[in-house]
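Input: a single structure, listed below in structure tokens.
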Amino acid sequence: MATALTEDLESMKEEAYKICQDFLGDIWTELPISEFRFSIVKGGLNNAKYRCCLPENAIVKNQKTPRQVLLRIYGPLQEDLDDIIREVATFLLLAERKLGPKLYGVFPNGRLEEFIPSRTLSSKDYKVMYPAIAREMAKFHSLDVPVRKIPDLWTVFMKKWLDEVKVDGTLKKNSTIDFLVLYTEETQWLTEIMKKSNSPVVYCHNDLLGGNILFREDSPSEEDPRLTFIDIEFGAYNYRYYSSELILISWSKKESSLQHQ
Numbered sequence: 004m005a006t007a008l009t010e011d012l013e014s015m016k017e018e019a020y021k022i023c024q025d026f027l028g029d030i031w032t033e034l035p036i037s038e039f040r041f042s043i044v045k046g047g048l049n050n051a052k053y054r055c056c057l058p059e060n061a062i063v064k065n066q067k068t069p070r071q072v073l074l075r076i077y078g079p080l081q082e083d084l085d086d087i088i089r090e091v092a093t094f095l096l097l098a099e100r101k102l103g104p105k106l107y108g109v110f111p112n113g114r115l116e117e118f119i120p121s122r123t124l125s126s127k128d129y130k131v132m133y134p135a136i137a138r139e140m141a142k143f144h145s146l147d148v149p150v151r152k153i154p155d156l157w158t159v160f161m162k163k164w165l166d167e168v169k170v171d172g173t174l175k176k177n178s179t180i181d182f183l184v185l186y187t188e189e190t191q192w193l194t195e196i197m198k199k200s201n202s203p204v205v206y207c208h209n210d211l212l213g214g215n216i217l218f219r220e221d222s223p224s225e226e227d228p229r230l231t232f233i234d235i236e237f238g239a240y241n242y243r244y245y246s247s248e249l250i251l252i253s254w255s256k257k258e259s260s261l262q263h264q
């Protein structure tokens with residue numbers, strides 16, 4: 004008997020099959036669903052990701068037609084239309100500059116992307132690959148992206164978290180110290196410090212955890228890696244220091260906390 008999970012997966016497979024036919028054309032339109040290869044891609048905290056493949060014996064007519072793609076279905080953090088438009092525009096720019104996966108299709112609740120054979124970074128990788136990470140980050144920082152140039156993303160998140168604490172009230176119940184007041188004051192202090200820091204405001208990924216950096220299988224070696232940054236839903240203009248510090252924090256974390264489970 005099929006479980007609810009397998010039924011949902013079969014339904015998703017049928018939807019993915021139709022999306023691939025609509026956007027990829029070529030042999031994909033002739034492929035029976037019984038030969039359509041479909042699997043879940045683990046990782047990511049917000050989006051659902053699936054790998055869609057042609058069978059090995061399928062022959063494409065156009066060499067530009069991909070044999071496998073990544074299907075991304077947006078999660079609850081991407082329900083705002085403005086955010087989706089901003090992300091798609093940025094994704095296209097990164098793809099054109101060869102700084103991100105190719106884009107094959109866009110639809111209301113997701114998109115089709117290039118599937119990159121790879122693995123995500125571990126804490127050990129940072130020790131070897133940090134020069135390559137820094138070079139890739141510098142390319143991001145040099146971009147002129149058609150989005151808001153105000154570096155307020157991190158303050159928006161901090162305000163959101165503080166508002167959630169006010170509603171939850173857990174800190175107030177379990178402590179004699181009013182942490183909410185302390186956090187609010189520290190947020191205000193940090194905001195002023197950042198304004199006075201003279202840090203350049205550049206386009207940043209803003210979520211460069213190990214799970215969002217791909218070490219590509221076609222890399223010459225770990226000492227000479229080909230890296231691709233993915234999952235740019237938080238990409239926005241920010242203080243340049245923010246990117247550097249986030250990398251250092253990720254480097255210092257334990258292996259289990261680096262990867263998206």
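Under my numbering, read the sequence shown as residues 4 to 264, first letter to last.
We put the beta carbon where it would ideally sit given N, CA and C, even for glycine.
Since we're looking at a predicted model, the values are computed, not measured.
Taken in chain order, the unbroken stretches of beta strand (DSSP E) that lie wholly in the stretch 158 to 245 and span 3 residues or more are 204 to 207, 216 to 219, 230 to 232, 239 to 242.
When the five nearest sequence neighbours on each side are left out, the beta carbons in the same chain lying within less than 6 Å of the beta carbon of P228 are those of M132, A135, F218, S222, in order along the chain. The C-beta distance from F232 to H208 rounds to 5 Å, short enough to fall under 8 Å.
Proximity of the stretch 54 to 64 to the stretch 79 to 96 falls short of the contact definition, fewer than three beta-carbon pairs being nearer than 8 Å. For Q66, the closest of K45, K52, S42, I30 by C-alpha to C-alpha distance is I30. Collapsing the DSSP output to three states places Y77 in coil. DSSP links S121 through a beta bridge to R219.
Distance check between L156 and each of E38, S253, R243, E18 places R243 closest, using alpha-carbon atoms only. Between the stretch 104 to 117 and the stretch 145 to 161, the count of C-beta pairs closer than 8 Å stays below three; the two stretches do not touch. Rounded to whole angstroms, Y20 and E236 show a C-alpha spacing of 25 Å. Around the beta carbon of I88, fewer than 16 other beta carbons lie within 10 angstroms, which makes this residue exposed.
For the options L230, R151, L251, the alpha carbon positioned closest to that of V205 is the one of R151. L48 is not a Cβ neighbour of E116, given a cutoff of 9 Å.
Only exposed fits G28, as fewer than 16 other CB atoms lie within 10 angstroms of its CB. The C-alpha of V168 is placed about 38 Å away from the C-alpha of S121.
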